[in-house]
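Have a look at the structure below, then the notes.
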Amino acid sequence: MTVSAGLEMPGEDFAQIAGKYFKATCAVIILFYSALWSIKISFILFFRRLGTNVQWQKLIWWPIFGITLATYFACIGTIQYQCLLSSFEYLAANCKTPAATSFQQITLKLNCAWDVITDYLIVSIPFSMLKGVQMKWRRKAALSGIFFLVIITMVFAIVRVALVGSSNTHQPDSSWLYVWTAIEASIAIIVACLATFRNLFSRENNSRYKAEKPTGPTSSNLFLRGSGRRNKLVDILDTLASKPEQPNSGYRQQSETTSDAQSILDRHNQGAHDLDEMARAAPSSYFILLTPTRFCTTPSLVSVLPSDFFLPFALNTNLLMSYPAFVLVPLALSLGTVLYFSYGLLVNYNAARKTGLPLIILPFDSGSPLWMIFDRKIVQLVRRIPFCSGTFTRFNWRGWEIWDRYRAHQQLGDAIFFVTPGRNYLQICDAEAVSEIFQRKADFLHPPEITEMLNIFGPNISTTDGAQWQRHRKITASSFNEHVNQRVWIESILQSTDLVHYWSSKPSINSVAKDTRTVSLHVMSAAVFGKSYPFRGADEDSPPTKEDSSRYGEALRIILDRCIPLLVLGRKNLSKPWLPKSFRELYQATLVFQEHMTKAYEDEKRAMMRNDKLENNLMTSLVRASQAIVEQKGGTTGSHQEGLTEEEVYGNVFVFNFAGHDATANSLAIGICLLATRPDVQDWIAEEINAVLAGVESKESSYEAMFPRLPRCLAVVFETVRLFTAVAIAKSNPSGPQPLKFGAETVVVPKNTMIIPSYSALHTHPRYWGNDSLEFEPSRWITTDPQTSRTNDSHVSSSHPAEYFKEPPTRNSPFVGWSGGARNCPGRKFAQVEFVGVLVGLFRDFKVRPVPLKGEDDEMARARLLEQIRMDTGMKLLLQMLHPENAVLEWKRQ
-4 MTVSAGLEMP GEDFAQIAGK YFKATCAVII LFYSALWSIK ISFILFFRRL
46 GTNVQWQKLI WWPIFGITLA TYFACIGTIQ YQCLLSSFEY LAANCKTPAA
96 TSFQQITLKL NCAWDVITDY LIVSIPFSML KGVQMKWRRK AALSGIFFLV
146 IITMVFAIVR VALVGSSNTH QPDSSWLYVW TAIEASIAII VACLATFRNL
196 FSRENNSRYK AEKPTGPTSS NLFLRGSGRR NKLVDILDTL ASKPEQPNSG
246 YRQQSETTSD AQSILDRHNQ GAHDLDEMAR AAPSSYFILL TPTRFCTTPS
296 LVSVLPSDFF LPFALNTNLL MSYPAFVLVP LALSLGTVLY FSYGLLVNYN
346 AARKTGLPLI ILPFDSGSPL WMIFDRKIVQ LVRRIPFCSG TFTRFNWRGW
396 EIWDRYRAHQ QLGDAIFFVT PGRNYLQICD AEAVSEIFQR KADFLHPPEI
446 TEMLNIFGPN ISTTDGAQWQ RHRKITASSF NEHVNQRVWI ESILQSTDLV
496 HYWSSKPSIN SVAKDTRTVS LHVMSAAVFG KSYPFRGADE DSPPTKEDSS
546 RYGEALRIIL DRCIPLLVLG RKNLSKPWLP KSFRELYQAT LVFQEHMTKA
596 YEDEKRAMMR NDKLENNLMT SLVRASQAIV EQKGGTTGSH QEGLTEEEVY
646 GNVFVFNFAG HDATANSLAI GICLLATRPD VQDWIAEEIN AVLAGVESKE
696 SSYEAMFPRL PRCLAVVFET VRLFTAVAIA KSNPSGPQPL KFGAETVVVP
746 KNTMIIPSYS ALHTHPRYWG NDSLEFEPSR WITTDPQTSR TNDSHVSSSH
796 PAEYFKEPPT RNSPFVGWSG GARNCPGRKF AQVEFVGVLV GLFRDFKVRP
846 VPLKGEDDEM ARARLLEQIR MDTGMKLLLQ MLHPENAVLE WKRQ
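According to the numbering used here, the sequence shown is numbered sequentially starting from -4.
What follows is the structure, encoded as structure tokens:
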């Protein structure tokens, strides 16, 4: 003990003693698994007597027995013998590596899974038959209690692994491992002993079986005397089944009970209902068991059992038909799922292990749509279990990066492999490596399973690669021009001015997220189609009984609010009559949206033919830029392939709405709440806004003259996106393994790895952002050096030096808020102009603060709101505040 605690130096014989210790440990592990599986097999043999004459029971018993034996040998085979039986020098050199530790953790959890699954399969045998037992409910409850004892061993198996295997990067604590191993084995033995108490299975308390002998001259033919363990079932009608032409031969002198059984068999063809009634009417000392033969569905054998046999029961045909659904389906699904997950996990682990990077093993694929539905609920439930916090609850749910920030990378390194049964995920917190990934667009592509869902209205810039992407990029990039930005600027200020007057007219508001979505939607409709809508607040809309999708604005709102089923099922499948009504309404909204795009497209084509004046919206820019390229080619063969088809125009318009609306709206809501916690920053940007717009009404301000002179407002935009990046772009390498540099080391990334730049880690790591990296400090983006900026100086006042916005570097930048490289977001300037325009409309004349709760002062209220933003922001479709209604704000004029 003193040596283990570091209080005493090990002696000369330490290596020899340690070698003996590890060899003994190997024996203990083998005995542990042997003890557990011996108990399992004893239960299987114990339960076999339940269905000695039940054909389907025999059929299901053998697979369960085989699976149990196979898992035993699998557990014995996964023991790290080389790390237990080798020399101490070998152990010290090879058994403390990350790969060895990770393998130990994987097998620990995998063996636990096999343990629990085999327990479930074993206990399914008696439960499937207990359903049809004809006995008093007290005895049935007692038998159920015995069978439920197996669940105790399952719980302790899970607890043991949860406590000693919570980390995939450290070896289990040997002390706890031995303690819980002993506890689990002891509990299993106790459970096995409890199941042998005869008074739980027999009416008599004595140790010897006393059959209730029926009256009649041939009663001795029905039972064999002796102990309960040797008491045999006499199948009266087995002989009948073998001699159908003499159904009464040799049985006329049977007891009246036998005649009742024969009568039941004779009447079975009249229907299962009559059979059940007759079975229930049989003498209380006997029970009727029907069994199928040779996979026939018609019961052909009837057995008479004494009522004090181990499990007397009467099965009807409904139970026979329901048995496969109760056991066979769960058995097949469980076995198939475990084999699939185990195989996938081992294959992915083997591929990730070769990279030499730190590994974290997760039981569920984080990108699985099914897991994404339940991940938060399951993780929250597991967190409530004592001592069950570990890598699963830390990493295996959407949005863990927002909570964890840079801590995982600070502990494990700049690159971490997350191994799941579905695929491997590589999280990277290295600015140079991330920049290289963005630059190598031919090697690292957008995952097709993600981008393909955006092909709802047609191919677009987000779903294409190679030459097709270059064609889309050339046209869409020219569409996001200064004419469109001018329209965005004007609409943003108009909407935000109406918004702040609505907010300031109320004592308090809790509709920040909903109202900013309305603002963003209206800005988007004006910028894309040239359609302006007046702002209406959250409580100004009278709640309709039915959502109206007859207008474009409402149609787009429905599509964006319910986009998940649209992306998963596809547009055409939403019209199925058996789907929920909301899905059919969503389908109608897509038709309205499609119709509106078609009308705008046709109007623009006619305007081009008439040489009408150019409109400042994206639809106009897309159509005319596409047509201009075709005209430059002179209408030659193939020139039309250089432009965009009508379907591709629709696809890009939808992606602009999808990506631009929700992402900007969520960032606006978070940014406003962050500013509510920082009155000093509100004063800071208000000073700049009033200095730049002096003497000019906000609604009359010019984008070209004003936007470049508002670096402080732009700093608020970048700081909000830095801390809460709405969209995280992932990459993959489907073409094959790809080398990737991490500092001086080159790692070969396995094929089909999901590569995720760790946005939250990159944007908050102290290595890049300093010790205040987690704080909301927009001033970090301001500089007095004009060489690092694309903005003009703000000229706040003559007493202030000229201020400029500090541009992040184009390469090796730790800031990737709008992606990076050649495939960066084409609408980033669009989003920045919209955000700054909203800030101008809101904070030129008004201030905001959180409404204090009872007993709070302003400082306490700001601290509470900041904590809510940090803890309540997570992933849905995009990053957003999960419960924004809890952010209650008050707006007052400056």
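We put the CB at the ideal spot given by N, CA and C, even for glycine.
Buried or exposed for residue i, going by 16 or more other Cβ atoms inside 10 Å?
| i | result |
| --- | --- |
| isoleucine 750 | buried |
| histidine 878 | exposed |
| alanine 472 | exposed |
| tryptophan 573 | exposed |
| serine 506 | buried |
| proline 726 | For clarity, residue 726 is lysine in the given sequence; the question names proline instead. Buried, because 16 or more other Cβ atoms sit within 10 Å of the Cβ of lysine 726. |
| glycine 655 | buried |
| isoleucine 380 | exposed |
| arginine 605 | exposed |
| tyrosine 645 | buried |
| methionine 592 | buried |
| aspartate 780 | exposed |
| glycine 822 | buried |
| arginine 378 | exposed |
Closest to residue i by CA distance: which of the options is it?
| i | options | result |
| --- | --- | --- |
| threonine 92 | Val833, Trp764, Cys78 | Cys78 |
| glutamine 11 | Leu80, Gln75, Leu40 | Leu80 |
| alanine 828 | Glu851, Gly815, Phe702 | This sequence places valine at residue 828; alanine is not what is there. Nearest of Glu851, Gly815, Phe702 to valine 828, Cα basis: Phe702. |
| phenylalanine 771 | Leu354, Gly408, Ala858 | Ala858 |
| leucine 581 | Tyr547, Gly461, Glu854 | Tyr547 |
| serine 487 | Gln75, Arg865, Gly832 | Gly832 |
| lysine 887 | Ser730, Lys35, Val846 | Val846 |
| aspartate 867 | Met855, Ala856, Glu880 | Glu880 |
| serine 97 | Ser37, Pro745, Asn343, Arg43 | Asn343 |
| threonine 415 | Phe387, Glu599, Phe27, Asp607 | Phe387 |
So the beta strand (DSSP E) residue i belongs to, where does it begin and stop?
| i | result |
| --- | --- |
| phenylalanine 737 | 733 to 737 |
| isoleucine 751 | 749 to 752 |
| tryptophan 886 | 884 to 888 |
| glycine 869 | 868 to 870 |
May I have the straight-line CA-CA distance separating residue i from residue j, to the nearest angstrom?
| i | j | result |
| --- | --- | --- |
| proline 892 | aspartate 510 | The structure shown does not extend to residue 892, since the chain is modelled only from -4 through 889, so no value can be given for it. |
| arginine 673 | threonine 778 | 21 Å |
| leucine 705 | phenylalanine 841 | 18 Å |
| cysteine 383 | asparagine 89 | 29 Å |
| methionine 367 | asparagine 480 | 36 Å |
| glycine 394 | tryptophan 813 | 18 Å |
| phenylalanine 838 | isoleucine 680 | 8 Å |
| serine 329 | leucine 407 | 34 Å |
| valine 518 | tyrosine 497 | 17 Å |
| alanine 584 | isoleucine 554 | 7 Å |
| leucine 551 | valine 333 | 43 Å |
| alanine 700 | isoleucine 559 | 41 Å |
| glutamate 851 | arginine 844 | 13 Å |
| threonine 659 | serine 515 | 7 Å |
| leucine 874 | leucine 718 | 11 Å |
| leucine 489 | valine 374 | 44 Å |
| leucine 64 | tryptophan 32 | 8 Å |
Based on the DSSP secondary-structure assignment, which residues constitute the bridge partners of residue i?
| i | result |
| --- | --- |
| alanine 410 | Ile423 |
| serine 727 | Leu440, Met749 |
| leucine 877 | Answer is none; leucine 877 lacks a bridge partner. |
| isoleucine 356 | Val414 |
| serine 814 | Gly812 |
| arginine 844 | Glu885 |
| threonine 778 | Tyr799 |
| isoleucine 504 | Leu884 |
Got a sec, what are the start and stop residues for the alpha helix (DSSP H) residue i sits in?
| i | result |
| --- | --- |
| leucine 516 | 507 to 524 |
| valine 687 | 674 to 687 |
| valine 743 | No alpha helix (DSSP H) contains valine 743, which is instead part of the beta strand (DSSP E) from 740 to 744. |
| proline 560 | 558 to 564 |
| phenylalanine 702 | Element bounds for phenylalanine 702: n/a, residue is neither H nor E. |
| asparagine 766 | No alpha helix (DSSP H) holds asparagine 766; DSSP gives it neither H nor E. |
| threonine 593 | 576 to 604 |
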